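Peer 1: Structure provided below as structure tokens; questions to follow.
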Amino acid sequence: MLRIDRACYEAIVAHARRDHPDEACGVVAGPAGSDRPERFIPMENAERSPTFYAFDSMEQLRVWREMDDRDEEPVVIYHSHTATEAYPSRTDISLAGEPGAHYVLASTREPDSIEFRSFRILDGQVTEEPVEIV
Numbered sequence: 001m002l003r004i005d006r007a008c009y010e011a012i013v014a015h016a017r018r019d020h021p022d023e024a025c026g027v028v029a030g031p032a033g034s035d036r037p038e039r040f041i042p043m044e045n046a047e048r049s050p051t052f053y054a055f056d057s058m059e060q061l062r063v064w065r066e067m068d069d070r071d072e073e074p075v076v077i078y079h080s081h082t083a084t085e086a087y088p089s090r091t092d093i094s095l096a097g098e099p100g101a102h103y104v105l106a107s108t109r110e111p112d113s114i115e116f117r118s119f120r121i122l123d124g125q126v127t128e129e130p131v132e133i134v
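If you're matching positions, the sequence shown starts at 1 in full-length UniProt numbering and goes up one per residue.
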């Protein structure tokens, strides 16, 4: 189960809406080994695409080094889908490289609602998990 505070949830949703029609992406870092998403880190979608996202490699290196320096890890890796449901695509699954992370998808396909779901992706296997907003 992903437990995420309302402020992080709202920040992810706001980022997804702000970047629409392109996909938004980023991470929520937390203390290493804690499984607690605490620090929201929006990132640039280097692809600037409505159907694909990629972290800018230099920004990713900087963010991951900063997390290391702070004894943090990426607890949540999020991105948005702009025209489809909040479910990992084949590309999302193939690029999932953090086995301990919660992969959050927020769909902005409906202008008046948000679909917010979380998944574990390990060795190509996708498992949806409940989300509790606290």
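For every residue, glycine included, the Cβ atom is placed at its ideal position computed from N, Cα and C. Keep in mind that this is a model prediction, so the values were computed, not measured.
1. Please state whether the Cβ-Cβ distance between Ile4 and Pro37 is less than 8 Å.
2. Here's the rule I'm using: 16 or more other beta-carbon atoms within 10 Å means buried, otherwise exposed. How should Ala96 be labelled?
3. Grouping DSSP H, G and I as helix and E and B as strand, with all else coil, what is Tyr78?
4. Take the Cβ of Pro88 as the centre, count every other Cβ of all protein chains shown within 10 Å, and call the residue buried at 16 or more, exposed below.
5. Residues in its own chain within less than 6 Å of Ser80 by CB, not counting five upstream and five downstream?
6. How would you call Ser57, buried or exposed, if buried means at least 16 neighbouring beta carbons within 10 angstroms?
7. Does Tyr9 come out as helix, strand or coil in the three-state DSSP assignment?
8. Take Phe116 and list the residues in its own chain whose beta-carbon comes closer than 6 Å to its own, dropping the five residues that flank it on each side.
9. Does the beta-carbon of Leu2 have 16 or more other beta-carbons within 10 angstroms, so that it is buried, or is it exposed?
10. Which runs of the beta strand (DSSP E) fall wholly inside the segment 43-89 and span at least 3 residues, in chain order?
11. Using alpha carbons as the reference points, say which of Val104, Ala29, Pro21 lies closest to Arg70.
Peer 2: Per the coordinate set shown:
1. Sequence index remark: in the sequence shown, residue 4 carries index 4 (1-based). Sequence index remark: in the sequence shown, residue 37 carries index 37 (1-based). Taking 8 Å as the Cβ cut-off, Ile4 and Pro37 qualify as a contacting pair.
2. Here residue 96 refers to the residue found at position 96 of the sequence shown. It counts as buried.
3. In the sequence shown, counting from the first residue as 1, residue 78 sits at position 78. Reduced to three states, the DSSP call for Tyr78 is strand.
4. The sequence position of residue 88 within the sequence shown is 88, counting from 1. With a 10 Å radius around the Cβ and a threshold of 16 neighbouring Cβ atoms, Pro88 comes out buried.
5. The residue given as residue 80 occupies position 80 in the sequence shown. So the list reads Ala16, Glu23, Ala24, Ala106, Thr108, once near-sequence residues are dropped.
6. Against the sequence shown, residue 57 aligns to sequence position 57. Its Cβ having fewer than 16 others within 10 Å, Ser57 is exposed.
7. Taking the first residue of the sequence shown as 1, we reach residue 9 at position 9. Helix, per DSSP.
8. Against the sequence shown, residue 116 aligns to sequence position 116. Around Phe116: Ala106.
9. The sequence position of residue 2 within the sequence shown is 2, counting from 1. It counts as buried.
10. If only uninterrupted beta strand (DSSP E) runs of at least 3 residues are considered, those enclosed by the segment 43-89 are 72-81.
11. Taking the first residue of the sequence shown as 1, we reach residue 70 at position 70. Of Val104, Ala29, Pro21, the residue nearest in Cα terms is Ala29.
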